[in-house]
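K.L.:
Have a look at the structure that comes next, please.
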Amino acid sequence: MYSVYKEKDEMLGRYYETGEFVPGQRGTRVVFSWGKIIGQYVFWFASFYAQYQIYFWIGRRIFVFFVSFFV
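In our numbering, the protein residues as written are 14 to 84.
Written out as structure tokens, the structure is:
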């Protein structure tokens, strides 16, 4: 386990000095299409809206149930 941390520290030291993890090796740029990015935003906003509607409906039912005892 110690050797793994030693290797990590050496890699970070080399990166801070030269800007490369492995000398001479070029990194790979990760590129996502705009369709994928927008699709993910649409999914998460729709998911949030659906959960909001469901929990609001459940909360309203619970509230009406407890208020019915006092009316």
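Quick reminder that beta carbons are idealized off the backbone N, C-alpha and C, glycines included.
1) State the start and end residues of the unbroken alpha helix (DSSP H) segment that holds M24.
2) Using only the alpha-carbon positions, how far apart do Y68 and W47 sit?
3) Thinking C-beta only, is E33 closer than 8 Å to R27?
4) When you compare only the Cα positions, how much space is there between R73 and G40?
5) Need the endpoints of the alpha helix (DSSP H) that R73 sits in, please.
P.N.:
For this structure:
1) Where M24 is concerned, the enclosing alpha helix (DSSP H) stretches over 15–31.
2) In this structure, the CA atom of Y68 is about 32 Å from the CA atom of W47.
3) Cβ distance < 8 Å, so R27 and E33 count as in contact.
4) Roughly 53 Å separates the two Cα atoms.
5) Its alpha helix (DSSP H) spans residues 47–80.
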